[in-house]
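Worksheet: one structure, shown below.
In the numbering used here, the protein residues as written are 15 to 384.
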């Protein structure tokens, strides 16, 4: 017989003991299971399953109860007697103490959980020891506003949520702000002064050093002079335009403004006539004529058609010159003269010039084929 069943045998009403084969359901004391409060009932986390030894003991007790219950049910069917309930035995003192301790533990866990829910930020790995693999391998976390946070450190205990690092803010006075602004403006506008004995390499406006600016100015002056020289040697449209440029706001230009070499270069068939207002006498300026003669010889060598200065042609030029001296304005005339090649039509343009002495009038006469 099962030892557990021997402890559960009870005497009947007459005080006689019955054999083991005549056990009924009323003779078996069924212990009412005691339900222990779980962590879920207290609002705490789930607890782990009982130990392996406690599970085996529970299984053995349930198996014994099943065997006795099956035998007792058969005998009750034969005898038809009603089962008798046995009084429940009081719980052992040590079980009450364990139950009380467990309930206290569950209350403590529930209080800690409620306190943790009140915190604004919960870090999953905050309870891990600093320096552990789990704490070191955890990815960085951030607050809702985007500031980065890290795990627990020496400054942040494991039980407290880490805080984002904030740089210390120092108040700046208005004088300090104005001084800093002036320094920035000086750096952008004024060149940096080099130490004594060193080469100054500061940049100025436009990214050029003073030496580069001087070289650029010299190059510009050189190009300007070359352009002026080309313009001076460029042939004007005609001799009348040349005379008009020499006036410079005056009624007529002066004889000293005429450059014989320039006239010989562009208009070699020209003569300078000297006239006197008092005697009405006209002569040819010899020095000017010598310059023109050399220019005409060069033009003839290049194949140009020259003017034949016959006595009739020369007298005609001097007559037009005297008329210009009296009128004080340019005159143009055309005549036909006999030459070695036949009759040729010539055109003369006489331009008045003021003399160096009082009463002297000059005329620049240019002859071309009409």
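Beta carbons are placed, not taken as given, at the ideal position from N, Cα and C, and that holds for glycine.
Note that the structure is predicted; figures quoted are calculated from it, not measured.
{"Query": "Straight-line Cα distance separating residue 189 from residue 126", "Result": "54 Å"}
{"Query": "Cβ shell of residue 308 (< 8 Å), same chain only, five flanking positions each side left out", "Result": "278"}
{"Query": "Span of the alpha helix (DSSP H), counted from its first residue to its last, around residue 325", "Result": "325-341"}
{"Query": "Under 8 Å between C-beta atoms of residue 310 and residue 320", "Result": "yes"}
{"Query": "Cβ neighbour criterion (16 or more within 10 Å) applied to residue 357", "Result": "exposed"}
{"Query": "Residue of 330, 375, 313, 354 minimising C-alpha distance to residue 342", "Result": "375"}
{"Query": "Residue 380 to residue 289 span [Cα, whole Å]", "Result": "16 Å"}
{"Query": "Proximity below 8 Å, CB of residue 338 to CB of residue 303", "Result": "no"}
{"Query": "As assigned by DSSP and simplified to three states, the class of residue 364", "Result": "strand"}
{"Query": "Residue 2 (DSSP reduced to helix, strand or coil)", "Result": "The question about residue 2 has no answer, for the chain in this structure spans 15 to 384."}
{"Query": "DSSP beta-bridge partners of residue 287", "Result": "298, 377"}
{"Query": "Which of helix, strand or coil DSSP assigns to residue 272", "Result": "coil"}
{"Query": "N-terminal and C-terminal residue of the beta strand (DSSP E) that residue 349 is part of", "Result": "345-353"}
{"Query": "Three-pair Cβ contact test at 8 Å for the stretch 320-332 versus the stretch 259-275", "Result": "no"}
{"Query": "Residue environment, residue 284, which counts as buried when at least 16 other CB atoms sit within 10 Å", "Result": "buried"}
{"Query": "According to DSSP, residues forming a beta bridge with residue 383", "Result": "360"}
{"Query": "Rounded Cβ spacing between residue 360 and residue 327 (contact assumed at less than 8 Å)", "Result": "7 Å"}
{"Query": "Assumed close pair residue 306, residue 325 - CB separation to whole angstroms, cut-off 8 Å", "Result": "No, residue 306 and residue 325 are not in contact; Cβ-Cβ is about 18 Å, not under 8 Å."}
{"Query": "Buried versus exposed call for residue 222 [16 or more other C-beta atoms within 10 Å across all chains shown]", "Result": "exposed"}
{"Query": "Cβ neighbours of residue 348 in the same chain (closer than 6 Å, five flanking residues each side left out)", "Result": "361, 384"}
{"Query": "Integer-rounded CB distance, given that residue 253 should sit under 8 Å from residue 368", "Result": "About 17 Å; that fails the 8 Å criterion."}
{"Query": "Residue 224 versus residue 240: straight-line alpha-carbon distance, rounded", "Result": "25 Å"}
{"Query": "Best match in 233, 344, 316, 371 for proximity to residue 365 [C-alpha to C-alpha]", "Result": "344"}
{"Query": "Distance between residue 113 and residue 132 (C-alpha atoms, nearest Å)", "Result": "29 Å"}
{"Query": "Through-space distance from residue 276 to residue 242, alpha-carbon basis", "Result": "15 Å"}
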